[in-house]
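Notes to accompany the following structure.
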Amino acid sequence: MKQETVKRIKNYVVLVLVTAVAIAGSYKYVSQYVKVSSNVNGRELPIYSVDTKEKKVALTFDAAWGNEDTQKILDILKKHDVHVTFFMTGGWVDKYPDDVKSIYEAGHDLGSHSESHKNMSQLSDEEKKQELLSVHKKVKALTGTDMYLFRAPYGDYDDAVILTAKENGYYTIQWNVDSLDWKDYGVKSILSTVLDNQELGNGSVILCHNGAKYTADALDQLIEGLKKKGYEIVPVSQLIYKDGYHMDVNGRQIKD
Numbered sequence: 093m094k095q096e097t098v099k100r101i102k103n104y105v106v107l108v109l110v111t112a113v114a115i116a117g118s119y120k121y122v123s124q125y126v127k128v129s130s131n132v133n134g135r136e137l138p139i140y141s142v143d144t145k146e147k148k149v150a151l152t153f154d155a156a157w158g159n160e161d162t163q164k165i166l167d168i169l170k171k172h173d174v175h176v177t178f179f180m181t182g183g184w185v186d187k188y189p190d191d192v193k194s195i196y197e198a199g200h201d202l203g204s205h206s207e208s209h210k211n212m213s214q215l216s217d218e219e220k221k222q223e224l225l226s227v228h229k230k231v232k233a234l235t236g237t238d239m240y241l242f243r244a245p246y247g248d249y250d251d252a253v254i255l256t257a258k259e260n261g262y263y264t265i266q267w268n269v270d271s272l273d274w275k276d277y278g279v280k281s282i283l284s285t286v287l288d289n290q291e292l293g294n295g296s297v298i299l300c301h302n303g304a305k306y307t308a309d310a311l312d313q314l315i316e317g318l319k320k321k322g323y324e325i326v327p328v329s330q331l332i333y334k335d336g337y338h339m340d341v342n343g344r345q346i347k348d
């Protein structure tokens, strides 16, 4: 019995060490993604939208609370053959690991929404880094994938937040169309807020929340409405430019 226990402990230690080495190596790999400056007039900016002639938009879901409707959302996305981006907090990943795997296996982007959904601009640089790396490790362990898309909680950022994200291999993604689904105004409100939005256009990034009360109920019509307007819905990873671009004052990516 003692020998079996010792063997299990040794195997566990080996697994932890292998995982740690793999994760450590992944940061070096991921960090090579972000090489382009996001500085505009002396200020660091996240990506709000993308300048493109193609009629493409990115639909995104912040996952920080609840998962009652996650499967329904995934089923609707599958029905329409649409792929999107989920920005997840570490706390959400801890509570719903099976949902994280389901999202990944369905072919959607996995993005970081920080570990604990704090106002990142109020944290020290080391705390900012840990907010990124902690959830990164969890998702890496669950799916084997390295995230490189980050959305700051509350949309709160400053120069240090974006630079820290960049140094750790992340593009910081904001949005230029807010569905306001988090206000729980209802399905019609979500649809009109997005589809009639003056900012909606080629390269838009649309903000939704998987845990909002009416989002899943509105999703089917939202997708149909976007398609009726001629838009192809893609994940953020397929919308943004990874390099060879510059930013304008509105946080819009422009290809060089």
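Reminder that position 114 of the sequence shown reads as 206 in the working numbering, one-by-one numbering, no gaps.
Beta carbons: idealized from backbone N, C-alpha and C, even for Gly.
Where residue i falls: helix, strand or coil (DSSP)
i	result
A252	helix
Q345	strand
Y263	strand
Y240	coil
Y246	helix
D161	coil
H209	coil
I168	helix
G117	Because the pLDDT at G117 is just 39, under 50, the model does not fix this residue reliably, and the point stays unresolved.
G182	helix
K127	coil
E136	strand
Unbroken alpha helix (DSSP H) run spanning residue i, endpoints
i	result
Y196	189 to 197
I282	279 to 287
E324	Counting along the chain, E324 falls outside any alpha helix (DSSP H), though it belongs to the beta strand (DSSP E) covering 324 to 326.
H228	217 to 235
Host beta strand (DSSP E) of residue i (start-end)
i	result
K148	148 to 155
H301	297 to 301
Y306	From DSSP, Y306 is part of no beta strand (DSSP E); its letter is neither H nor E.
Beta-ladder partner(s) of residue i, from DSSP
i	result
T177	T152, D201
S141	S296, R344
D270	L299
Y337	K347
Test item: CB-CB of residue i and residue j under 7 Å
i	j	result
D143	G322	no
I265	V328	yes
L215	N260	no
V227	E207	yes
Residue i Cβ short of 6 Å to the ligand HEM heavy atom set
i	result
Y333	Summarising the ligand content, the structure contains no ligands, and the ligand HEM is consequently not present.
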